[in-house]
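Q: Protein chains in written order, with the working numbering: chain A, 364 to 565; chain B, 364 to 565.
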DNA sequence: CTGGTATGTTACTGACCGGTAACATATATG
DNA sequence: CATATATGTTACCGGTCAGTAACATACCAG
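1) According to a CB-to-CB cut-off of less than 9 angstroms, which residues of the segment 424-457 of chain B neighbour chain A?
2) Quick check for students: name the residue ranges of the alpha helix (DSSP H) that lie wholly in the segment 498-534 of chain A, counting only runs of 4 or more.
3) Identify whether residue 417 of chain A lies in helix, strand or coil by the three-state DSSP scheme.
4) Report yes if the C-beta distance between residue 529 of chain A and residue 473 of chain B is below 7 angstroms; otherwise report no.
5) By how many angstroms is the C-alpha of residue 420 of chain A removed from the C-alpha of residue 463 of chain B?
6) State yes or no: is the C-beta of residue 512 of chain B nearer than 6 angstroms to some heavy atom of the ligand FMN?
7) My understanding is that residue 572 of chain B touches residue 378 of chain A, with C-beta atoms under 8 angstroms, so please give their C-beta distance in whole angstroms.
8) Below 9 angstroms on C-beta distance, what does residue 539 of chain B contact in chain A?
9) Beta-carbon of residue 551 of chain B versus every beta-carbon of chain A: anything under 7 angstroms?
10) For residue 396 of chain B, go through chain A and note every residue whose CB falls closer than 9 angstroms to its CB, in chain order.
11) Quick one: what does DSSP say residue 468 of chain B is sitting in, helix, strand or coil?
12) By Cβ distance, which residues of its chain are closer than 8 angstroms to residue 563 of chain B, with the 5 residues on each side in sequence left out?
13) Would you say residue 463 of chain A faces chain B, with C-beta separation under 7 angstroms as the test?
14) Let me confirm a value: residue 480 of chain B is counted as buried when at least 16 other C-beta atoms fall within 10 Å, else exposed. Which label applies?
15) In angstroms with no decimal places, state the Cα-to-Cα distance between residue 437 of chain A and residue 478 of chain A.
16) Check this for me: beta carbons of residue 428 of chain B and residue 476 of chain B, under 7 angstroms apart or not?
17) Between A:531, A:484 and A:501, which lies nearest to residue 466 of chain A when the distance is taken from Cα to Cα?
18) Considering Cα atoms alone, identify which of A:393, A:395, A:417 and A:399 is closest to residue 380 of chain A.
19) Please state the DSSP three-state secondary structure of residue 457 of chain B.
20) Note the first and the last residue of the continuous alpha helix (DSSP H) segment covering residue 378 of chain A.
21) Give the secondary structure of residue 573 of chain A by DSSP, where H, G and I count as helix, E and B as strand, and everything else as coil.
22) Hey, would you say residue 497 of chain A sits closer than 7 angstroms to residue 540 of chain B, going by beta carbons?
23) Just curious, the alpha helix (DSSP H) that residue 450 of chain B is in, first and last residue?
24) Does DSSP classify residue 425 of chain A as helix, strand or coil?
25) Taking the straight line between their C-alpha atoms, what separation do you get for residue 386 of chain A and residue 431 of chain A?
26) Between A:442, A:519 and A:456, which has its C-alpha nearest residue 551 of chain A's C-alpha?
27) In the DSSP assignment, find the alpha helix (DSSP H) that holds residue 554 of chain A and state where it starts and stops.
28) Out of curiosity, what's the CA-to-CA distance linking residue 394 of chain A and residue 504 of chain B?
29) So which residues on chain A does residue 528 of chain B lean against when the C-beta distance must stay under 8 angstroms?
30) Residues of chain B with CB closer than 8 angstroms to the CB of residue 502 of chain A, please, in chain order.
31) Cα separation between residue 558 of chain A and residue 521 of chain A?
32) Within a Cβ cutoff of 7 angstroms, which residues of the same chain sit near residue 443 of chain A, ignoring the five residues on either side of it in sequence?
33) Please list, in chain order, the chain B residues whose beta carbon lies closer than 9 angstroms to that of residue 473 of chain A.
34) For residue 517 of chain A, count neighbouring Cβ atoms within 10 angstroms of its own Cβ and tell me buried if that reaches 16, exposed if not.
35) For chain A, find out if any of its Cβ atoms is closer than 7 angstroms to the Cβ of residue 525 of chain B; answer yes or no.
In structure tokens form, the structure reads like this:
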């Protein structure tokens, strides 16, 4: 039988190449147990491979951590773009959809806050390769928020954006200590009130 | 010369007993570098003592971590009591003073967020001796806020309290990724606006 | 078939970790 | 002085960590 194009896949459980399995496994372990709590050997084994293959794809554990965060940032960007397509020319609907999404996310008992923010806590070294990924992600997040608030016609878009930013950031970190039933559970309502309050003062 | 009471101290640089030095040193190192990043040997050496003495006072590193957090929670309680004495029968002034205090705290470039919240990120294990300290601290913090909001005469004190809680929690974690000049710098103004907004809807 | 490339396997290094044993020293109190 | 208690010192244990060397195997392209 002639070899077909490798694109064909019998089922959904195609075995990904080792690099993908390593990143996917590392993502789950890093997020659930913390970055410093997970060793490279455990990652390689859980990914169905070994340490040597891991180090053939990543120069160091720190680089794997950076890649882990880079993927999350990319996924977040995709999510934002999806919001924009779902509510075209309706920035306020985008804002509310985002609030609702974070509220749902926070209510998941398996969630442990923003992986990027957690990484910032675990890696205080300013020259860690992950630091710039974290900072750029948060800047992008804030800029996205500011843009939406401005498009909504708020008088002080930066102020509302920062309020929402802190609210969301606080909700995700708070869910780790007070649980999903804590203050974070009413996030959507709080955000709506904030937006309405700013719209009233136009 | 007869031995005087040991209470007399020639100057401010009295050498504290080893246990105090260990806790103080551990507090600084844990906060600055993260709990998992600091070894017991480094703590003992920086405290001017040794590992054996450390383990004569603390059953394990985890217990030292718990004590570190317990002290911070106690300090926070003292601070709250001070606010109450500084502004007796004026809950709104207490709220504003607290907001201002956190804003100042966040603007300190050496700050790295709430030590309790950071510990929750670093220690996800539910049976870690530090977890209950963290949870009780956050519950107390929230209850204190709710009490102040209720005393202020807010229609929905729980809602405002949770909004302020998330705002403050978000400000401290956000300062770690976006720096002291980020959204957290306008915390006081945001909180005042929130309070005013709730007072208007009485 | 052949040769290059990606991967698997095993064993290893050197460093650090939390925690302990055994013994020496100081200090304060009787 | 004598005794008890707190502290210092050194060395060690078993385990884990990040990272590497050397070699074996698979696989895919020519």
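Glycine residues also receive a C-beta, built at the ideal position from the N, C-alpha and C atoms.
A: From the atom records:
1) none
2) none
3) For the purposes of this step, residue 417 of chain A is taken as residue 54 along the first chain, with counting starting at 1. Reduced to three states, the DSSP call for residue 417 of chain A is helix.
4) In the first chain, counting from the first residue as 1, residue 529 of chain A sits at position 166. In the second chain, counting from the first residue as 1, residue 473 of chain B sits at position 110. The answer is no: Cβ separation not under 7 angstroms.
5) Start at 1 with the first residue of the second chain, and residue 463 of chain B comes out as number 100. Start at 1 with the first residue of the first chain, and residue 420 of chain A comes out as number 57. If you take the alpha carbons of residue 463 of chain B and residue 420 of chain A, they lie about 48 angstroms apart.
6) Questions concerning the ligand FMN fall outside what the structure shown contains, since it holds no ligand whatsoever.
7) Chain B is shown only over 364 to 565; residue 572 of chain B falls outside these bounds and no answer can be derived.
8) Looking up residue 539 of chain B in the second chain gives position 176. Near residue 539 of chain B (Cβ distances below 9 angstroms), the residues of chain A are 480, 483, 484, 487 and 497.
9) Working through the second chain from its first residue, we reach residue 551 of chain B at position 188. No - not a single Cβ of chain A is within 7 angstroms of the one on residue 551 of chain B.
10) Counting from one through the second chain, the residue named residue 396 of chain B turns up at place 33. The contacting residues are 487 and 488.
11) Along the second chain, read from residue 1 onward, the residue named residue 468 of chain B stands at position 105. In the structure shown, residue 468 of chain B sits in a helix (DSSP, three-state: H, G or I).
12) Here the question's residue 563 of chain B lines up with position 200 in the second chain. Once the five neighbours on either side are set aside, residue 563 of chain B has no close Cβ partner at all.
13) By 1-based counting over the first chain, the position of residue 463 of chain A is 100. Closer than 7 angstroms: no.
14) Here residue 480 of chain B refers to the residue found at position 117 when the second chain is read from its first residue. So residue 480 of chain B counts as buried.
15) As a first step, residue 437 of chain A is located in the first chain; it is residue number 74 there, counting from the start. As a first step, residue 478 of chain A is located in the first chain; it is residue number 115 there, counting from the start. Roughly 13 angstroms between the two C-alpha positions.
16) Taking the second chain and counting its residues from 1, the one referred to as residue 428 of chain B is at position 65. Taking the second chain and counting its residues from 1, the one referred to as residue 476 of chain B is at position 113. Not a contact, by the Cβ cut-off of 7 angstroms.
17) What you label residue 466 of chain A is simply residue 103 of the first chain in a count that begins at 1. Looking at the Cα atoms, A:531 is the closest of the given residues.
18) What you label residue 380 of chain A is simply residue 17 of the first chain in a count that begins at 1. Measuring from the Cα of residue 380 of chain A, the nearest candidate turns out to be A:417.
19) Taking the second chain and counting its residues from 1, one reaches residue 457 of chain B at position 94. DSSP places residue 457 of chain B in helix when its eight states are reduced to three.
20) As a working note, residue 378 of chain A is residue 15 in the first chain. Where residue 378 of chain A is concerned, there is no enclosing alpha helix (DSSP H), given that its DSSP letter is neither H nor E.
21) This structure does not reach residue 573 of chain A, given that chain A is present from 364 up to 565, and the question cannot be answered.
22) Locating residue 497 of chain A in the first chain gives position 134, where the first residue counts as 1. Locating residue 540 of chain B in the second chain gives position 177, where the first residue counts as 1. In contact: residue 497 of chain A and residue 540 of chain B (Cβ atoms closer than 7 angstroms).
23) Position 87 of the second chain, counted from the first residue, corresponds to residue 450 of chain B. Segment: none, residue 450 of chain B is in no alpha helix (DSSP H) and carries neither H nor E.
24) For the purposes of this step, residue 425 of chain A is taken as residue 62 along the first chain, with counting starting at 1. Looking at residue 425 of chain A - three-state DSSP - the assignment turns out to be helix.
25) Mapped onto the first chain, residue 386 of chain A falls at position 23. Mapped onto the first chain, residue 431 of chain A falls at position 68. Straight-line Cα distance between these residues: approximately 6 angstroms.
26) Residue numbering aside, residue 551 of chain A sits at position 188 when the first chain is read from its first letter. Looking at the Cα atoms, A:456 is the closest of the given residues.
27) Here the question's residue 554 of chain A lines up with position 191 in the first chain. Residue 554 of chain A -> alpha helix (DSSP H) spans 550-563.
28) Locating residue 394 of chain A in the first chain gives position 31, counting from the first residue. Locating residue 504 of chain B in the second chain gives position 141, counting from the first residue. Answer to the nearest angstrom: the Cα atoms are 27 angstroms apart.
29) Sequence index remark: in the second chain, residue 528 of chain B carries index 165 (1-based). Result: 533, 537 and 546.
30) Here residue 502 of chain A refers to the residue found at position 139 when the first chain is read from its first residue. Per Cβ cutoff of 8 angstroms: 541.
31) What you label residue 558 of chain A is simply residue 195 of the first chain in a count that begins at 1. What you label residue 521 of chain A is simply residue 158 of the first chain in a count that begins at 1. Distance between the alpha carbons of residue 558 of chain A and residue 521 of chain A: 12 angstroms.
32) Here the question's residue 443 of chain A lines up with position 80 in the first chain. For residue 443 of chain A, where only same-chain residues beyond five positions count, the Cβ hits under 7 angstroms are 507.
33) If you number the first chain from 1, residue 473 of chain A lands on position 110. Result: empty, since nearest Cβ-Cβ is about 11 angstroms, beyond 9 angstroms.
34) Locating residue 517 of chain A in the first chain gives position 154, where the first residue counts as 1. Buried.
35) The residue given as residue 525 of chain B occupies position 162 in the second chain. Yes, residue 525 of chain B counts as interfacial toward chain A.
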